[in-house]
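K.L.:
Under this note's numbering, the first residue of the sequence shown is numbered 40, with each subsequent residue one higher.
Heads up, the beta-carbon is just placed ideally off N, CA and C, and yes, glycines get one too.
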Amino acid sequence: MKPYRTEKTKKEEVREMFDRIAPAYDRLNHTLSFQIDKLWRRRVVRIVRRSSPRRILDVATGTGDLAIALAARIPDAHVLGIDLSEQMLEEARRKVVRRGLDERVLLEEGDAERLALGDGAVDVATVAFGVRNFGDLGTGLQELFRVIRPGGQVVILEFSTPSAPLFRALYRFYSHRVLPVIGGRISKDRQAYEYLPASVDEFPAPARFMELLVKAGFAHCRARSLSGGIARIYTAVKPRL
């Protein structure tokens, strides 16, 4: 699905959507998630730290929260964050400078399906709340596989649907009824905040997503449930030659 249902491609619409909501994105993201998204990112950072990576690629970096957290907690790492939206990147660059991390965090406009990196260029690739916005999910996963070195890993944080019936019903009410009203009022783009929860509904179930990771070439795929299934962390390894 696409945010605005115009004749433009999904990729073009996603770029336009995030350019529009960039100024309000951080405030809304943290408020609407009750700050839980920060805890989820910390879990991702702990997983990434275990392999002591030196070269990290953060795809769909947005306003840079994960890229900044990775650089802050892994002192020897250099992080390249890419995103389709230049306005989101501008927000990220200001935050990177404020944190004094501009020598180790590089932010560039880029396409997840056509990464401007050589084969095996990074130790770890991360994506936080971005894979469901890929224009072509399979192609995006294949590109992640290509640029990770053999033995390296991908760590993906993404929203999902809780499995417990009552919790799922409450979550759907909040995400489909409450979130679009608040998000639309503050960001002035209600369609964006209707698209975001709808895109979670359309995202593959955990078992199916791990099948797609395997199809892209990854092994040792694992899904960790967070906060009752509201989100999941997927990890997978690129096999050594």
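Strictly by DSSP, which residues pair up with Arg94?
P.N.:
As a first step, residue 94 must be located in the sequence shown, where it is residue number 55. Beta-bridge pairing links Arg94 to His117.
K.L.:
Please confirm whether Pro243 and Leu251 have their CB atoms less than 8 Å apart.
P.N.:
Mapped onto the sequence shown, residue 243 falls at position 204. Mapped onto the sequence shown, residue 251 falls at position 212. Cβ distance < 8 Å, so Pro243 and Leu251 count as in contact.
K.L.:
Glu148 by DSSP, collapsed to three states: which one?
P.N.:
Position 109 of the sequence shown, counting from 1, holds the residue named residue 148. If DSSP states are grouped into helix, strand and coil, Glu148 belongs with the strands.
K.L.:
Counting beta carbon pairs with one atom in the region 249–266 and one in the region 173–182, are three or more of them shorter than 8 Å?
P.N.:
Verdict: yes, contact present.
K.L.:
Which term fits Lys277, buried or exposed, when burial requires 16 or more other beta carbons within 10 angstroms of its beta carbon?
P.N.:
Here residue 277 is taken as the residue at index 238 of the sequence shown, counted from 1. Looking at its Cβ environment, which holds 16 or more other Cβ atoms inside 10 Å, Lys277 is buried.
K.L.:
So what does DSSP say about Ser264, is it helix, strand or coil?
P.N.:
Your numbering for residue 264 matches position 225 in the sequence shown. Ser264: strand per DSSP, three-state reduction.
K.L.:
If you drop the 5 nearest sequence neighbours on each side, which residues of the same chain put their C-beta closer than 8 Å to that of Arg80?
P.N.:
For this step, residue 80 is matched to residue 41 along the sequence shown. Cβ neighbours of Arg80 beyond the five flanking positions: Asp104, Leu105, Ala108, Ala167 and Leu196.
K.L.:
Which residues in the same chain have their Cβ closer than 8 Å to the Cβ of Ile225, if we skip the five residues on either side of it in sequence?
P.N.:
The residue you call residue 225 lines up with position 186 of the sequence shown. Ala63, Arg66 and Leu67.
K.L.:
Label Thr274 either buried or exposed according to how many other C-beta atoms from any shown protein chain fall within 10 Å of its C-beta, with 16 as the threshold for buried.
P.N.:
The residue you call residue 274 lines up with position 235 of the sequence shown. Thr274 should be labelled buried.
K.L.:
Starting from Ala231 and walking both ways along the alpha helix (DSSP H), at which residues does that stretch end?
P.N.:
Taking the first residue of the sequence shown as 1, we reach residue 231 at position 192. Unbroken alpha helix (DSSP H) run through Ala231: Arg229 to Glu241.
K.L.:
Taking Cβ to Cβ, would you say Arg54 is nearer than 8 Å to Leu96?
P.N.:
Within the sequence shown, residue 54 is the residue found at index 15, counting from 1. Within the sequence shown, residue 96 is the residue found at index 57, counting from 1. No, Cβ-Cβ distance for Arg54 and Leu96 is not below 8 Å.
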